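Just so you know, the protein sequences line up as chains A and B, in that order. Going letter by letter, the first sequence gives residues 1 to 448 in UniProt numbering. Going letter by letter, the second sequence gives residues 1 to 448 in UniProt numbering. C-beta atoms are modelled at their ideal positions from N, C-alpha and C, and glycine is treated no differently. Remember, it's a predicted structure, so these values are computed and weren't measured experimentally.
Number of protein chains: 2
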Amino acid sequence: MSRADVIVVGAGISGLTAAWRLAQAGKRVRVLEANPRVGGRTLNYRFATGEVVEVGGQWVGPTQQRILGLLAELGLETFPLWNQGDNLTLFGGKLKPYRGTIPRFAPHVLLDVLQAQLRLDRLARQIPLDDPSRHPRALEWDRISFAEWIRRALKTAHGRQVMELVSGAVFAAAPHELSFLHVLFYVRSGTNLDTLLGVQDGAQQDRIVGGSQRISEELAARLGDAVRLDEPVRALRQDASGVELITDSGSHSAARAIFAVPPTQLLRITQAPLLPGWRDQLLQRLPQGAVVKCMALYATPFWRANGQSGQATSERGPVRLTFDNSVPGSPRGVLMGFIEGDEARQWSASSAESRRAVVLECFARYFGAAALQPLDYVDKCWADEPFARGCYAALFPAGLWTGGAARLREPLGRLHFAGTETATRWMGYFDGAVEAGERAAAEVLQQL
Amino acid sequence: MSRADVIVVGAGISGLTAAWRLAQAGKRVRVLEANPRVGGRTLNYRFATGEVVEVGGQWVGPTQQRILGLLAELGLETFPLWNQGDNLTLFGGKLKPYRGTIPRFAPHVLLDVLQAQLRLDRLARQIPLDDPSRHPRALEWDRISFAEWIRRALKTAHGRQVMELVSGAVFAAAPHELSFLHVLFYVRSGTNLDTLLGVQDGAQQDRIVGGSQRISEELAARLGDAVRLDEPVRALRQDASGVELITDSGSHSAARAIFAVPPTQLLRITQAPLLPGWRDQLLQRLPQGAVVKCMALYATPFWRANGQSGQATSERGPVRLTFDNSVPGSPRGVLMGFIEGDEARQWSASSAESRRAVVLECFARYFGAAALQPLDYVDKCWADEPFARGCYAALFPAGLWTGGAARLREPLGRLHFAGTETATRWMGYFDGAVEAGERAAAEVLQQL
Numbered sequence: 001m002s003r004a005d006v007i008v009v010g011a012g013i014s015g016l017t018a019a020w021r022l023a024q025a026g027k028r029v030r031v032l033e034a035n036p037r038v039g040g041r042t043l044n045y046r047f048a049t050g051e052v053v054e055v056g057g058q059w060v061g062p063t064q065q066r067i068l069g070l071l072a073e074l075g076l077e078t079f080p081l082w083n084q085g086d087n088l089t090l091f092g093g094k095l096k097p098y099r100g101t102i103p104r105f106a107p108h109v110l111l112d113v114l115q116a117q118l119r120l121d122r123l124a125r126q127i128p129l130d131d132p133s134r135h136p137r138a139l140e141w142d143r144i145s146f147a148e149w150i151r152r153a154l155k156t157a158h159g160r161q162v163m164e165l166v167s168g169a170v171f172a173a174a175p176h177e178l179s180f181l182h183v184l185f186y187v188r189s190g191t192n193l194d195t196l197l198g199v200q201d202g203a204q205q206d207r208i209v210g211g212s213q214r215i216s217e218e219l220a221a222r223l224g225d226a227v228r229l230d231e232p233v234r235a236l237r238q239d240a241s242g243v244e245l246i247t248d249s250g251s252h253s254a255a256r257a258i259f260a261v262p263p264t265q266l267l268r269i270t271q272a273p274l275l276p277g278w279r280d281q282l283l284q285r286l287p288q289g290a291v292v293k294c295m296a297l298y299a300t301p302f303w304r305a306n307g308q309s310g311q312a313t314s315e316r317g318p319v320r321l322t323f324d325n326s327v328p329g330s331p332r333g334v335l336m337g338f339i340e341g342d343e344a345r346q347w348s349a350s351s352a353e354s355r356r357a358v359v360l361e362c363f364a365r366y367f368g369a370a371a372l373q374p375l376d377y378v379d380k381c382w383a384d385e386p387f388a389r390g391c392y393a394a395l396f397p398a399g400l401w402t403g404g405a406a407r408l409r410e411p412l413g414r415l416h417f418a419g420t421e422t423a424t425r426w427m428g429y430f431d432g433a434v435e436a437g438e439r440a441a442a443e444v445l446q447q448l
Numbered sequence: 001m002s003r004a005d006v007i008v009v010g011a012g013i014s015g016l017t018a019a020w021r022l023a024q025a026g027k028r029v030r031v032l033e034a035n036p037r038v039g040g041r042t043l044n045y046r047f048a049t050g051e052v053v054e055v056g057g058q059w060v061g062p063t064q065q066r067i068l069g070l071l072a073e074l075g076l077e078t079f080p081l082w083n084q085g086d087n088l089t090l091f092g093g094k095l096k097p098y099r100g101t102i103p104r105f106a107p108h109v110l111l112d113v114l115q116a117q118l119r120l121d122r123l124a125r126q127i128p129l130d131d132p133s134r135h136p137r138a139l140e141w142d143r144i145s146f147a148e149w150i151r152r153a154l155k156t157a158h159g160r161q162v163m164e165l166v167s168g169a170v171f172a173a174a175p176h177e178l179s180f181l182h183v184l185f186y187v188r189s190g191t192n193l194d195t196l197l198g199v200q201d202g203a204q205q206d207r208i209v210g211g212s213q214r215i216s217e218e219l220a221a222r223l224g225d226a227v228r229l230d231e232p233v234r235a236l237r238q239d240a241s242g243v244e245l246i247t248d249s250g251s252h253s254a255a256r257a258i259f260a261v262p263p264t265q266l267l268r269i270t271q272a273p274l275l276p277g278w279r280d281q282l283l284q285r286l287p288q289g290a291v292v293k294c295m296a297l298y299a300t301p302f303w304r305a306n307g308q309s310g311q312a313t314s315e316r317g318p319v320r321l322t323f324d325n326s327v328p329g330s331p332r333g334v335l336m337g338f339i340e341g342d343e344a345r346q347w348s349a350s351s352a353e354s355r356r357a358v359v360l361e362c363f364a365r366y367f368g369a370a371a372l373q374p375l376d377y378v379d380k381c382w383a384d385e386p387f388a389r390g391c392y393a394a395l396f397p398a399g400l401w402t403g404g405a406a407r408l409r410e411p412l413g414r415l416h417f418a419g420t421e422t423a424t425r426w427m428g429y430f431d432g433a434v435e436a437g438e439r440a441a442a443e444v445l446q447q448l
């Protein structure tokens, strides 16, 4: 095969952005994608009735300048998530309506949660985004889990439950899986907690017309036959003369390679020379979160008629968080729900039928018996996805940042690293994927 | 190639025990070992002057009935670790001699440490070894790290430092990397804390004549040409008719396979069908500990002449724990030291020369300037070892046991799982490796 200047591994938003910037700079690029499709952790699904929804990542929001810029460049448009009517919260066994981001808790619970939020935001503002371990209190904060901080900082059981829900919603993980320093980093990386959690003015504000996989499809269209699907990289070699990547179908050579894959995936590739031990050890400690994203299609968005937004947060699982994911222009309605963490792993292991049943039961608990009669249903267990093995992103457990995790974006010889997990701003989001892809492309351009 | 009844992947103690039991039962076995040697996480090293020491696991002790039985069966003998004279402890900037397991702390520190030890032992006695998550308080204990428990349970800074040293010595990891439930499990799995930490009557009591790698060499000799070296398994397939394992040199078929490798290694093998998502997610959360094992050879064991045992524990790194690893019959002396956790990853990344210099500096700090003049020096960075990628064993972080980790020893179709991480008694030790190998062999025999 002809030799490229750069091979990008992974045709998600990060890898394709890197490849497109390199192509724009006149470099010969090739993108090797393991799946028979582009998009990485974004994935469109079309219901039989025509509505396109996303079973992977879907949102963009304010302050995400890089992805918003890319959307404009690609001619893609956004529309707001449906956000009218009452939200619902099920806590203390009672279902209650509320407006905005924070439910109408009892005053002492509200105080507890707001104080915690203020403390998180205040501490987060001090975290150096390029390397959280440079903060003077980094060791202290990196040695405690988010769970330990929650137990210390929140005074009410209900308040602690709310923070667990926050952990699930933002990380697809339980608080004990996360370094507190990482949570502070993530809050600053995503502006502040209100922005991370919010719909209006927040990270869940807007959707992409045609579905978020369109971002990768548009980039791939521009790259043409440089993008090779069904090419899982099984082995890599590098030496003074270049990089060679072995896929199931053959060998690909280039001067440099960019890996734009979830961090753990690099462990699954046979390496010559081997990654340095310290780096392999860090990657052994960067698991993906776990989420099942579930959607039911209904003849109408019946909850709207009841004055409801379709947004619910709940103390009862497995679906603890829902949204109205209906598509403009269609008379039909879509309810969307997330199953996270341990529950995601458990329900991934169950039959599709029982998962559908329990999800609809959750929807009915929040929005009434009409939710039990969908026209259609779809879900996606991201732990089962062959080349992601989890979502939304990698979890940084206690000790990882102060153990050198910032060095995971450092090149190793001719290998460069992109993917949203290597971003400083909006890590874990589309915007971070773009930042990481552009940074890796710039690194490579300096070397070629 | 001819088809075997069973293929065992990994020629460490666990895999070879499994293979030998199956061969004894008349089955046709094949062992595929990725390295050019047997032994797994045991590895002998011969100094130029003839002394054989171990740069991997080395000890056996009382209550380890399975490995002691295997040693007898193989005709291997043991000898006690040198354990005469004063131990040393460097804490609070002062080097002090002591006898036994626990240094002569100030009374309030001693009280603090002993109370913690009693609490650990008392709680550990209740843990079900087959599945710690069955304990009524499992969720509570699995959601806190060992670090959080230490901060709560110990009242003195010095006492907390001692527990951190315990964590390094037993797990090659910092307390924040470990679920408190796992620590309780591990203490019971290894009898109690005194046994885990002790030399006399403890897990560090005895060594194997000729070095611990002899265990695997003896087993391999009995298995003859069934053991194939330099055969890293890169891919596995299973279907109704059997299992196929692809190595760099060819394909191997059998009715069943036993994986006797560190848990993370399974992720590095291309699988068809893929592991279930929940299981892949658990394996993403089971990193190996990190240790550099260091030894210096001297003309004489000069510390003995000073009335010292060669055993030191220290608040200062990178070597915080030492032993006299001299070999009977030689006039020369061997000092051995461990670098653990973050320090192991850092020093693995440094030059061999600078690592040697800092280790000898540590030895001199404890045993005097004579330690700066060795005849020879050797160390082993286990994070760099291609098919271990860490030692001593896998770390179970918060949430893993209650997330279903006991199921990691369940077969997946025709795949069975051994390795010390799947043991109930003495997990992480040779004894657990034997238990796991024999249990996996029994499982397979039931199916053949």
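Reference residue i; option with closest CA among the options
i: Pro411 of chain B; options: B:Val233, B:Gly85, B:Pro62 and B:Ala440; result: B:Ala440
i: Asp130 of chain B; options: B:Gly168, B:Glu421 and B:Gly85; result: B:Glu421
i: Ala290 of chain A; options: A:Trp382, A:Arg137, A:Ala296 and A:Gly432; result: A:Trp382
i: Lys27 of chain B; options: B:Leu43, B:Ala18 and B:Leu154; result: B:Ala18
i: Gln447 of chain A; options: A:Leu22, A:Ile215, A:Gly40 and A:Val9; result: A:Leu22
i: Phe79 of chain A; options: A:Ile208, A:Glu217 and A:Gln238; result: A:Ile208
i: Pro397 of chain B; options: B:Tyr186, B:Ser249 and B:Val233; result: B:Tyr186
i: residue 449 of chain B; options: B:Phe180, B:Ala34, B:Pro386 and B:Arg365; result: No answer is possible for residue 449 of chain B: it lies beyond the span of chain B, which begins at 1 and ends at 448.
i: Ile215 of chain A; options: A:Ala433, A:Val444, A:Ala442 and A:Gln200; result: A:Ala433
i: Ser445 of chain A; options: A:Tyr429, A:Gly419, A:Arg414 and A:Trp426; result: As written in the sequence, residue 445 of chain A is Leu, which differs from the Ser given in the question. Considering only alpha carbons, the answer is A:Arg414.
Simplified DSSP assignment, three categories, for residue i
i: Glu33 of chain B; result: coil
i: Gln308 of chain B; result: strand
i: Ala255 of chain B; result: strand
i: Leu154 of chain A; result: coil
i: Val52 of chain A; result: strand
i: Ser2 of chain A; result: coil
i: Pro397 of chain B; result: coil
i: Leu43 of chain B; result: coil
i: Pro132 of chain A; result: helix
i: Leu412 of chain A; result: strand
For residue i: DSSP bridge partner residues
i: Arg228 of chain A; result: A:Leu32
i: Trp426 of chain B; result: According to DSSP, which records beta bridges pairwise, Trp426 of chain B is partnered with nothing at all.
i: Trp59 of chain A; result: A:Arg207
i: Gln8 of chain B; result: The question names Gln, yet the displayed sequence has Val at residue 8 of chain B. DSSP, once it has assigned bridges, lists B:Val31 and B:Ile258 as partnering Val8 of chain B.
i: Ala299 of chain A; result: In DSSP, Ala299 of chain A forms no bridge with anything.
i: Ala272 of chain A; result: A:Arg237
i: Val291 of chain A; result: A:Glu340
i: His108 of chain B; result: None, per the DSSP bridge assignment.
i: Pro80 of chain B; result: B:Asp206
i: Pro97 of chain A; result: A:Leu88
i: Ser145 of chain A; result: A:Ser179
Limits of the unbroken beta strand (DSSP E) element including residue i
i: Arg222 of chain A; result: Per DSSP, Arg222 of chain A belongs to no beta strand (DSSP E); it is in the alpha helix (DSSP H), Gln213 to Leu223.
i: Gly242 of chain B; result: Gly242 to Thr247
i: Asp86 of chain B; result: Asp86 to Phe91
Alpha helix (DSSP H) segment containing residue i, residue limits
i: Val183 of chain B; result: Phe180 to Ser189
i: Thr17 of chain B; result: Ile13 to Gln24
i: Arg66 of chain B; result: Gln65 to Leu74
i: Leu415 of chain B; result: Segment Leu415 to Phe417 is the beta strand (DSSP E) holding Leu415 of chain B; no alpha helix (DSSP H) there.
i: Asp142 of chain B; result: Ala138 to Asp142
i: Leu196 of chain A; result: Leu193 to Leu197
Neighbour list for residue i in chain E, Cβ cutoff strictly below 7 Å
i: Cys381 of chain B; result: Chain labels in this structure do not include chain E; the protein chains are A and B.
Can you check the region 312–395 of chain B for any alpha helix (DSSP H) of at least 4 residues that lies completely inside it and give the ranges in chain order?
341–348 and 352–367
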